[in-house]
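Q:
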Amino acid sequence: MAADGRRGWIAVMTPRLVLFDVDGTLVDSQHMIVAAVTRAFEAEGLIPPEREAILSIVGLSLLEAMQTLGNHQPGFPAAALREHYAAAFTELRLAGQHDEVLFPGAFETVERLSRRDDLLLGIATGKSVRGVQRMLKTHGFEGRFLTIQTADDNPSKPDPAMVLRAMGEMGVTPQETVMIGDTAWDIRMARAAGVAAVGVGWGYHPDELLVEAGARCVLKDFLEVEAAVDAALAEADDLSLSLEPH
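Numbering (the UniProt record's numbering), first residue to last: 1 to 246.
#1: For Asp118, list the residues DSSP reports as bridge partners.
#2: Enumerate, from N- to C-terminal direction, the unbroken alpha helix (DSSP H) stretches of 4 or more residues contained entirely within the region 18-69.
#3: Quick one: grab the DSSP three-state call for Arg16.
#4: DSSP three-state label for Gln149, please.
#5: So, do the region 96-108 and the region 44-61 have three or more beta carbon pairs nearer to each other than 8 Å?
#6: Specify the secondary structure class of Gly181 as computed by DSSP and reduced to three states.
#7: Please check the pair Leu120 and Leu17, which I expect to be a contact at CB under 8 Å, by giving their CB distance rounded to whole angstroms.
#8: Rounded C-beta distance between Met189 and Asp159? I'm assuming under 8 Å.
#9: Find out if the Cβ-Cβ distance for the pair Asp186, Tyr204 is shorter than 8 Å.
#10: If you count every other CB in all the chains shown that lies within 10 Å of the CB of Gln149, and 16 or more means buried, which is it?
#11: Exposed or buried, what is Arg51 when buried is set at 16 or more other beta-carbons lying within 10 Å of its beta-carbon?
This is how it looks when you write it as structure tokens:
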């Protein structure tokens, strides 16, 4: 039971869900992604896209990302590029040429949030299940995230399926959920699911794109995440109470 001193009533504490994107939010994987896309295009005899164009598609599922880079033109070899990319990414990882490093403060923030009784943590990412599991093991995050939604089992962002499925698994409502991500795809996905979206400014899309997509704020440091989560959930609580019949 939790006492709410502001309103003088006792309420059962309902766990809230905090969903994290991975690439560009938890880990800085841009060097791996750019190198793998470049190799994939070269394998098909195509001119690789510019770095900015490659980073703009981070967060999408692999097939959707390749289709987007090809401007969805008929006959564009998106499926073949997807296979080349997966192979190149594995080769780069095994060769140790690039790392997916945690952003500063990511580990400490996840650890702190995971210890809170009122929060459940989850992941919604364009990565594969295998890629997510490897990341969790590498950075000591095993057991911290209770629901993991990937491109293997869901439509690509910004379709809201990942968020909706995560909420269903955790038994929470949109008002009890916050999405944290670095791209407009993350923000649009969250808003399409009726969920508050918090943008982060250390990833791959500029702040203005996140705001235009519907982010309630854009953070500059991982140390701001916990306060932003609490603020978003408190605002949702206030809105929910204001809509209750008196």
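Glycine residues also receive a C-beta, built at the ideal position from the N, C-alpha and C atoms.
In this text, all values refer to a predicted model and were calculated from it rather than measured experimentally.
A: Per the coordinate set shown:
#1: As a first step, residue 118 is located in the sequence shown; it is residue number 118 there, counting from the start. In the DSSP output, where bridge partners are listed per residue, Asp118 has none listed.
#2: Within the region 18-69, the alpha helix (DSSP H) runs of at least 4 residues that lie entirely inside it are, in chain order, 30-43, 51-56 and 62-69.
#3: Counting from 1 along the sequence shown, the entry for residue 16 is found at position 16. Strand.
#4: As a first step, residue 149 is located in the sequence shown; it is residue number 149 there, counting from the start. Of the three classes helix, strand and coil, the one that applies to Gln149 here is strand, per DSSP.
#5: They do not touch, by the three-pair rule.
#6: Taking the sequence shown and counting its residues from 1, one reaches residue 181 at position 181. Reduced to three states, the DSSP call for Gly181 is strand.
#7: Along the sequence shown, one-based indexing puts residue 120 at 120. Along the sequence shown, one-based indexing puts residue 17 at 17. With a Cβ gap of about 5 Å, Leu120 and Leu17 count as contacting.
#8: One-based indexing of the sequence shown puts residue 189 at position 189. One-based indexing of the sequence shown puts residue 159 at position 159. With a Cβ gap of about 7 Å, Met189 and Asp159 count as contacting.
#9: Along the sequence shown, read from residue 1 onward, the residue named residue 186 stands at position 186. Along the sequence shown, read from residue 1 onward, the residue named residue 204 stands at position 204. No, the Cβ-Cβ distance between Asp186 and Tyr204 is not below 8 Å.
#10: In the sequence shown, residue 149 corresponds to position 149, counting from 1. Its Cβ being crowded by 16 or more others within 10 Å, Gln149 is buried.
#11: Position 51 of the sequence shown, counted from the first residue, corresponds to residue 51. So Arg51 ends up on the exposed side.
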